[in-house]
């Protein structure tokens, strides 16, 4: 016995399949509705996936099918929020524009390779005193054909994001390029300067940075050099002791010059005060005139100096110091001598007529006046009789005491010497 399937499904309200069909239709309708919502959400998410922001130290470039979006000069996007077409239609590349530091501590310095870690400065110095190995040790050749070692630090940044992304695009490649061009600029600059200037850190850093900057610009890297600093410079270890001796001698020389200048200023100030420089200039001019045989000029300068010293003023500046004190003392002494001579003259003129008439009387009177002047005051006078005079003077007790102590000390030493024998 076989079952047969009807060719057509029964329909109508009394059909047994109507509820199942309705449930299926509802399920399909709901599924398609959810699918539409999911697809709309996916489309919206895809459309807004191109939303991006650019930070303060960043720059962004938008590429549409591999080409920069925007006319030249307007292709770089700075700080802000932007919307781009989703990938793969458009691609956004962000570039860090912050300044970057790069230390050149291997190109022109000793090959430490961990050997100097944990060692004292003396040990490090001794380790460098041997001959250089050109295959390991870096160095610089100066303009006077000497060798120096140096460590440098360069600061660079991305100045043109379009050129940087087009021709470089890799931060490590950028560091390698900067390292090479800066090393080239340093070599060219140091080769034009003597070693003593380089060792004093008087290197033209701007010239070296300018050479490196020009090379980066010529290669259209979009990079620029902001600063080049010389961190450390040293002579080869084999000549460090000699260099230290020279440096110490130069330091001592400089200190002596400074001390001499200070002593000179002090002595001149004590001699003539603030007018010492002008007086010294006049004296130098006088000596030059004498050496050149210009007698008239020398006499004129000498006269001017004498007048200035007499009034203690030169070119409106008061002459002070020891010169002023000596001149004032000389003027005072001159005035006193003049007064004494004038008084003696008046006394002589007053006594001369009397002396011509009674010379013996005048002499006796003068002797009496002289005796009174001598014996007046705290003077102890002794009158002695004619004949032999003996003076008995007491010794200084301190001197006698010291001599006695020396005699006793000598006696002890002599006694001790005999006892030892």
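Residue numbers (this note's numbering): 1 to 421.
We put the beta carbon where it would ideally sit given N, CA and C, even for glycine.
Just to confirm, are residue i and residue j a CB contact at a threshold of 8 Å?
i           : j           : result
residue 61  : residue 161 : yes
residue 282 : residue 305 : yes
residue 275 : residue 314 : yes
residue 228 : residue 208 : yes
residue 140 : residue 184 : no
residue 223 : residue 159 : yes
residue 32  : residue 84  : no
residue 90  : residue 54  : no
residue 225 : residue 145 : no
residue 351 : residue 362 : yes
Taking its Cβ as the centre, do 16 or more other Cβ atoms sit within 10 Å of residue i, making it buried, or is it exposed?
i           : result
residue 82  : exposed
residue 236 : buried
residue 109 : buried
residue 295 : exposed
residue 151 : buried
residue 178 : buried
residue 267 : exposed
residue 247 : exposed
residue 165 : buried
residue 168 : buried
residue 59  : buried
residue 213 : buried
residue 301 : buried
residue 241 : exposed
residue 279 : buried
I believe residue i touches residue j by the beta-carbon criterion, under 8 Å. Please report the beta-carbon distance rounded to the nearest angstrom.
i           : j           : result
residue 93  : residue 63  : 7 Å
residue 181 : residue 215 : 4 Å
residue 142 : residue 194 : 6 Å
residue 149 : residue 234 : 5 Å
residue 273 : residue 324 : 7 Å
residue 102 : residue 205 : Between residue 205 and residue 102 the Cβ distance is about 15 Å, and since that is not below 8 Å, they are no contact.
residue 190 : residue 198 : 6 Å
residue 322 : residue 271 : 5 Å
For the beta strand (DSSP E) holding residue i, just list the boundary residues, first then last.
i           : result
residue 90  : 90-96
residue 59  : 58-64
residue 155 : 147-158
residue 80  : 80-83
residue 220 : Residue 220 -> no beta strand (DSSP E), and no H or E assigned at all.
residue 52  : 51-54
I need the boundaries of the alpha helix (DSSP H) containing residue i, first residue and last residue.
i           : result
residue 294 : Run containing residue 294: none; DSSP gives neither H nor E here.
residue 75  : Looking at the DSSP string, residue 75 is not in any alpha helix (DSSP H), and its letter there is neither H nor E.
residue 100 : Looking at the DSSP string, residue 100 is not in any alpha helix (DSSP H); the run it does join, the beta strand (DSSP E), is 100-104.
residue 359 : 359-375
residue 166 : 161-167
residue 178 : 171-190
residue 312 : Here residue 312 belongs to no alpha helix (DSSP H), and DSSP marks it neither H nor E.
residue 267 : 240-272
residue 196 : 195-199
Taking the C-alpha atoms as reference points, what is the distance between residue i and residue j?
i           : j           : result
residue 221 : residue 170 : 11 Å
residue 303 : residue 288 : 16 Å
residue 285 : residue 319 : 19 Å
residue 87  : residue 27  : 35 Å
residue 368 : residue 333 : 29 Å
residue 341 : residue 354 : 20 Å
residue 114 : residue 66  : Because the pLDDT of residue 114 is 49, which lies under 50, any placement of that residue in the model is unreliable, and the question is left without a value.
residue 97  : residue 219 : 19 Å
residue 422 : residue 397 : Past the edges of the chain, shown from 1 to 421, lies residue 422, and the structure says nothing about it.
residue 76  : residue 254 : 56 Å
residue 251 : residue 73  : 56 Å
residue 121 : residue 111 : Residue confidence is low: residue 121 scores 49 on pLDDT, short of 50, so the model does not pin down where it sits. Its coordinate-derived value is still stated next. The alpha-carbon atoms of residue 121 and residue 111 are separated by roughly 16 Å.
residue 6   : residue 37  : At residue 6, the pLDDT of 46 sits below 50, so the modelled position is not reliable and the matter cannot be decided from this model.
residue 70  : residue 25  : 52 Å
Let me check you understand the geometry: is the CB of residue i closer than 7 Å to at least one non-hydrogen atom of the ligand GDP?
i          : result
residue 35 : This structure does not include the ligand GDP; it has no bound ligands of any sort.
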